[in-house]
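So the protein lines, in turn, are chains A and B.
Position 261 of the first sequence, counting from 1, maps to 261 under this note's numbering, and the rest follow consecutively.
Position 88 of the second sequence, counting from 1, maps to 1088 under this note's numbering, and the rest follow consecutively.
2 protein chains.
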Amino acid sequence: MIHVAVLGYGTVGSGVVEVIEGNKALVNKRALTELNIKYILDLMDFPGDPYENKVVHDVNVILDDPEVSIVCETMGGVRAAYEFTKKALLKGKSVCTSNKEMVAKYGPEMLQLAKENNCNYLFEASVGGGIPIIRPINEALTAEKLEAITGILNGTTNYILTKMQNEGAKFEDVLKQAQDLGYAELHPEADIEGFDACRKIAILSSLMVGKTVNYEDIYTEGITKITADDFVYAKAMGKSIKLLAMSKALENGTLAMVSPCMIDASSPLYMVQDVFNAVLVRGNMLGDAMFYGKGAGKLATASAVVADVIECARNMDTTLPIFWDAEVEKLVDIADVERAFFVRAKAADKAAVLAAFGGAEVVEVAGRDDFALVTSVMKEKDFAAKYEALGDKVITRIRIEA
Amino acid sequence: MIHVAVLGYGTVGSGVVEVIEGNKALVNKRALTELNIKYILDLMDFPGDPYENKVVHDVNVILDDPEVSIVCETMGGVRAAYEFTKKALLKGKSVCTSNKEMVAKYGPEMLQLAKENNCNYLFEASVGGGIPIIRPINEALTAEKLEAITGILNGTTNYILTKMQNEGAKFEDVLKQAQDLGYAELHPEADIEGFDACRKIAILSSLMVGKTVNYEDIYTEGITKITADDFVYAKAMGKSIKLLAMSKALENGTLAMVSPCMIDASSPLYMVQDVFNAVLVRGNMLGDAMFYGKGAGKLATASAVVADVIECARNMDTTLPIFWDAEVEKLVDIADVERAFFVRAKAADKAAVLAAFGGAEVVEVAGRDDFALVTSVMKEKDFAAKYEALGDKVITRIRIEA
Chain A
1 MIHVAVLGYG
11 TVGSGVVEVI
21 EGNKALVNKR
31 ALTELNIKYI
41 LDLMDFPGDP
51 YENKVVHDVN
61 VILDDPEVSI
71 VCETMGGVRA
81 AYEFTKKALL
91 KGKSVCTSNK
101 EMVAKYGPEM
111 LQLAKENNCN
121 YLFEASVGGG
131 IPIIRPINEA
141 LTAEKLEAIT
151 GILNGTTNYI
161 LTKMQNEGAK
171 FEDVLKQAQD
181 LGYAELHPEA
191 DIEGFDACRK
201 IAILSSLMVG
211 KTVNYEDIYT
221 EGITKITADD
231 FVYAKAMGKS
241 IKLLAMSKAL
251 ENGTLAMVSP
261 CMIDASSPLY
271 MVQDVFNAVL
281 VRGNMLGDAM
291 FYGKGAGKLA
301 TASAVVADVI
311 ECARNMDTTL
321 PIFWDAEVEK
331 LVDIADVERA
341 FFVRAKAADK
351 AAVLAAFGGA
361 EVVEVAGRDD
371 FALVTSVMKE
381 KDFAAKYEAL
391 GDKVITRIRI
401 EA
Chain B
1001 MIHVAVLGYG
1011 TVGSGVVEVI
1021 EGNKALVNKR
1031 ALTELNIKYI
1041 LDLMDFPGDP
1051 YENKVVHDVN
1061 VILDDPEVSI
1071 VCETMGGVRA
1081 AYEFTKKALL
1091 KGKSVCTSNK
1101 EMVAKYGPEM
1111 LQLAKENNCN
1121 YLFEASVGGG
1131 IPIIRPINEA
1141 LTAEKLEAIT
1151 GILNGTTNYI
1161 LTKMQNEGAK
1171 FEDVLKQAQD
1181 LGYAELHPEA
1191 DIEGFDACRK
1201 IAILSSLMVG
1211 KTVNYEDIYT
1221 EGITKITADD
1231 FVYAKAMGKS
1241 IKLLAMSKAL
1251 ENGTLAMVSP
1261 CMIDASSPLY
1271 MVQDVFNAVL
1281 VRGNMLGDAM
1291 FYGKGAGKLA
1301 TASAVVADVI
1311 ECARNMDTTL
1321 PIFWDAEVEK
1331 LVDIADVERA
1341 FFVRAKAADK
1351 AAVLAAFGGA
1361 EVVEVAGRDD
1371 FALVTSVMKE
1381 KDFAAKYEAL
1391 GDKVITRIRI
1401 EA
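Right, here's the structure in full:
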């Protein structure tokens, strides 16, 4: 029997208990032993909860109990979570987490501690909720040199963009609706400004290069400037607009960025609708593979944490290899990266805008007083110079991802 | 250093050598040791090949060499492959295979031998080519009770159906074209009659239920009766026709079948085009997750074999848990399974056909002398009785997969 403690009895933490108990026979069979939830750490009491007698308020009860060998960190935040994770690992207790901030910020430090203490720090649930993506990268795509990872990693923004696309709705209205439905938070910045996707691509990029991609170094742009008008043109062009989190091995280094992008209907990411997430991974031998599913949700995320618990249980006293060094990977400046851009401008300014972007494809939609163009492939900085010089003559621009 | 032998220097076998050599540094890093290809078994010599001096014709050279601890079986067939795999496992050598016939037919026997001899029998490449699907089921979705697996598992038929859909082409013409391009074999029965997909879903079904799903027990229907006319109606209904390989946990047992099905645009399988494969897995906690990528091809398939080699190298003298018992899972009779059906018939017979399928939705396309309907949900046997009674009045029928 292996004793497990759950830190934080919120959405994911209570989901972990529900998955372990709900699929008990299967989980124990696959863990090759019985898993017993011995403690649940939370500030609150849960009177009437079937597990109320497991709830403790003092983390030391867990840390000092040598019987506990696996800890699920489902607290969120990086203060208490950092302290508790570190202490657990130092005591040789494996930690399985859904906390992307922790992993993005302290991943290599925790992995090193796990190694030194003969245990594991696993974080499948930190990216893509229940979609297996961390484990496939670490354990399945091991014969590949990974060349690119492109993901729709935030369900809230994908829900908003899908609604805007399908219903022609405005950003503000859909955001309000998503908040009412509980898909978006009252303070939605982490989602709509791309910060959440940024943490997740930092983790995936780090695993891709085997070094640390600092999330602070990742260019991050959210979806707040995307309008219903942009979708009119996207549709006319057979494209969609998605918030993409990308990491690419370019000739001169690694590019990592988060930005709304127009993508073509031929991309497998095009069909990723609503709150679904997907991660497209390109390997030098395999070509493209995609992992798709629910990127959030109590049970989906909890299922990924429990899969980590099962892997820890199967590998007691062994540290599984995860290649993520503390050394920081310097990213290429996106100003030097080349791509095409979608530009929308007033019809009245067409001549000036076309003159600035010679050789662009023009897109027009009947009955509108604006028009759009797709530039040739150029460096971000060259595009930005031309675009800024046009001042009020241009309305908006969106990156195009081939 | 770990010594590896490759059995069969054909497409996949030579790909294995290419992946191990081409990604040498990465592969060795992830294997936690150096992998050395010591022997290549083939009937032929390969003068001028950079590995010609590794080629041997006698399998006993490999079996009797205690230095060889991992064998890649990329021969195909089930005669020599069976004998060589068995002998290798009996000597404690792990076997990594791309041979779906072997796995479908002898999987549990080989897994048992591996267990008894402290080594591994791994077969990631046997389903979905380079797409990680076996390992995600065995190692990532471990907290899930798997409820259904639905796959597009054969690239050749998906290529043919995609061409038929996009170009309105005839089955025979596209098959000929696929043969000319090397996507389809001269004797294409294994693909177009669904036998290949049947072997693959037998493997996935077995892993889903943890027992043996015999491929002979799986109802299998190919795509040879699908016509350009059917696609006219599929399009009018916003659907596509795909060759689906399915396994479902129903209340009264497990259903496994291979059949062309109409699927809706809202299915993530809808966008799977050309030679791509995808596997949609439904778990009771996670909901749907999909794994997508190239289902065939030399390097993609070889990459999956090498990932298995790396996992064996990381786990020497340990048998990884794979839950697939020899006990045979009895399948439910598809005659008792309920679904809706698409029926196409001559316009002249409309009254009789509609009378037989009361309550059906009618689909008409202007300027045609046929029409179609979608029946209500009914048992296969009840549908079949009505359909057969109509004799010449009906042209064709296609299952609808919700």
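All C-beta atoms in this analysis are idealised placements derived from N, C-alpha and C, irrespective of residue type, glycine included.
Note that the coordinates shown come from a computational prediction; the quantities given were computed from them, not determined experimentally.
Where Pro1136 of chain B meets chain A, residues with beta-carbon distance less than 8 angstroms: Here the neighbours are Pro132, Arg135, Pro136 and Ala140.
Reference Val1027 of chain B; option with closest CA among B:Gly1367, B:Phe1342 and B:Asp1308: Comparing Cα-Cα distances from Val1027 of chain B to each of B:Gly1367, B:Phe1342 and B:Asp1308, the minimum goes to B:Asp1308.
Ala236 of chain A versus Arg1282 of chain B: straight-line alpha-carbon distance, rounded: Cα atoms of Ala236 of chain A and Arg1282 of chain B: separation of roughly 35 angstroms, rounded to the nearest angstrom.
Closest residue to Thr162 of chain A among A:Asp336, A:Ile2, A:Phe195 and A:Met262 (Cα-Cα distance): Of the candidates A:Asp336, A:Ile2, A:Phe195 and A:Met262, the one whose C-alpha sits nearest the C-alpha of Thr162 of chain A is A:Met262.
Proximity test, Cβ basis, 9 angstroms: Ser303 of chain A and chain B: True, the Cβ-Cβ gap to chain B drops below 9 angstroms.
9 angstroms Cβ cutoff, Gly1297 of chain B in contact with chain A: Any Cβ of chain A closer than 9 angstroms to the Cβ of Gly1297 of chain B would place that residue at the interface, and such an atom is present.
Where the beta strand (DSSP E) through Arg282 of chain A begins and ends: The continuous beta strand (DSSP E) containing Arg282 of chain A extends over residues Phe276 to Gly283.
Distance between beta carbons of Pro1136 of chain B and Ala300 of chain A, contact taken as under 8 angstroms: At roughly 14 angstroms, the Cβ-Cβ gap does not stay under 8 angstroms, so Ala300 of chain A and Pro1136 of chain B are not in contact.
Helix, strand or coil at Pro136 of chain A according to DSSP, with G and I counted as helix: In the three-state scheme derived from DSSP, where H, G and I count as helix and E and B as strand, Pro136 of chain A is classed as helix.
Opposing strand residues paired with Asn36 of chain A [DSSP bridges]: DSSP, once it has assigned bridges, lists A:His3 as partnering Asn36 of chain A.
Beta-carbon spacing of Lys38 of chain A, Glu18 of chain A below 9 angstroms: Not in contact: Lys38 of chain A and Glu18 of chain A (Cβ atoms no closer than 9 angstroms).
Amino acids of chain A, ordered along the chain, whose beta-carbon sits closer than 8 angstroms to that of Arg1314 of chain B: Pro321, listed in chain order.
Cβ neighbour criterion (16 or more within 10 Å) applied to Arg79 of chain A: It is exposed - the Cβ of Arg79 of chain A has fewer than 16 other Cβ atoms within 10 Å.
Partners in chain A for Met1271 of chain B, counting only beta-carbon separations shorter than 8 angstroms: Chain A residues near Met1271 of chain B: Pro268, Tyr270 and Met271.
Pro260 of chain A vs Leu243 of chain A beta-carbon contact at 9 angstroms: Result yes, Cβ atoms of Pro260 of chain A and Leu243 of chain A sit closer than 9 angstroms.
Endpoints, alpha helix (DSSP H) assigned at Thr1156 of chain B: It spans Gly1155 to Glu1167 - the alpha helix (DSSP H) in which Thr1156 of chain B sits, taken as one unbroken run.
C-beta neighbour in chain A for Ala1031 of chain B, strict 9 angstroms: Answer yes: the Cβ-Cβ gap between Ala1031 of chain B and chain A drops below 9 angstroms somewhere.
9 angstroms Cβ cutoff, Lys248 of chain A in contact with chain B: Residue contact with chain B for Lys248 of chain A: absent (no Cβ-Cβ distance below 9 angstroms to any residue of chain B).
For Arg1397 of chain B, three-class secondary structure by DSSP: Looking at Arg1397 of chain B - three-state DSSP - the assignment turns out to be strand.
Beta carbon proximity, Met237 of chain A to chain B, threshold 9 angstroms: Look at Met237 of chain A: its C-beta is not under 9 angstroms from any C-beta on chain B.
Expected contact under 8 angstroms - CB spacing of Arg1199 of chain B and Lys1100 of chain B to nearest Å: For a cut-off of 8 angstroms, the C-beta gap from Arg1199 of chain B to Lys1100 of chain B is around 5 angstroms, short enough to register as a contact.
The region 1279–1290 of chain B: positions lying closer than 9 angstroms to chain A by Cβ: For the region 1279–1290 of chain B, which is checked against every Cβ of chain A, the residues closer than 9 angstroms are Leu1280, Val1281, Gly1283, Asn1284, Met1285, Leu1286, Gly1287, Asp1288, Ala1289 and Met1290.
Classification of His3 of chain A by the beta-carbon crowding that lies within 10 angstroms, buried from 16 upward: Buried, because 16 or more other Cβ atoms sit within 10 Å of the Cβ of His3 of chain A.
Under 8 angstroms by beta carbon: chain A residues contacting Ala1402 of chain B: None at all; the shortest Cβ gap to chain A is about 17 angstroms.
Between the CA atoms of Leu373 of chain A and Glu392 of chain A - distance to the nearest angstrom: The sequence as given places Asp at residue 392 of chain A; Glu does not occur at that position. Going from the Cα of Asp392 of chain A to the Cα of Leu373 of chain A covers about 16 angstroms.
Per-residue contacts from Gly1293 of chain B into chain A (C-beta, under 8 angstroms): Neighbours of Gly1293 of chain B on chain A, chain order: Leu286, Gly287, Asp288, Ala289 and Met290.
Neighbour flag for Asn154 of chain A against chain B, beta carbons, 9 angstroms: For Asn154 of chain A, no Cβ of chain B is located within less than 9 angstroms of the residue's own Cβ.
Length of the line joining the Cα atoms of Ala1104 of chain B and Leu186 of chain A: Whole-angstrom Cα-Cα distance: 52 angstroms.
Cα-Cα separation between Glu1189 of chain B and Thr1157 of chain B, rounded to whole angstroms: Near 11 angstroms, if we compare the C-alpha coordinates of Thr1157 of chain B and Glu1189 of chain B.
Reduced DSSP category for Lys91 of chain A - H, G, I as helix; E, B as strand; rest coil: Correct three-state label for Lys91 of chain A: coil.
Secondary structure of Thr1085 of chain B, DSSP reduced to three states: It is helical.
Positions along the region 1004–1019 of chain B whose CB lies within less than 7 angstroms of some CB in chain A: For the region 1004–1019 of chain B, which is checked against every Cβ of chain A, the residues closer than 7 angstroms are Val1019.
Cα-Cα separation, Asp196 of chain A to Asp1274 of chain B: In this structure, the straight-line span from the alpha carbon of Asp196 of chain A to that of Asp1274 of chain B is close to 34 angstroms.
Closer than 9 angstroms to chain A by CB, Gly1022 of chain B: Using a CB distance cut-off of 9 angstroms, Gly1022 of chain B counts as an interface residue toward chain A.
CB contact check: Ile1310 of chain B to chain A, cutoff 9 angstroms: The beta-carbon of Ile1310 of chain B is placed less than 9 angstroms from the nearest beta-carbon of chain A.
Sufficient close CB pairs (3 or more, under 8 angstroms) joining the region 1029–1049 of chain B to the region 1062–1076 of chain B: They touch, by the three-pair rule.
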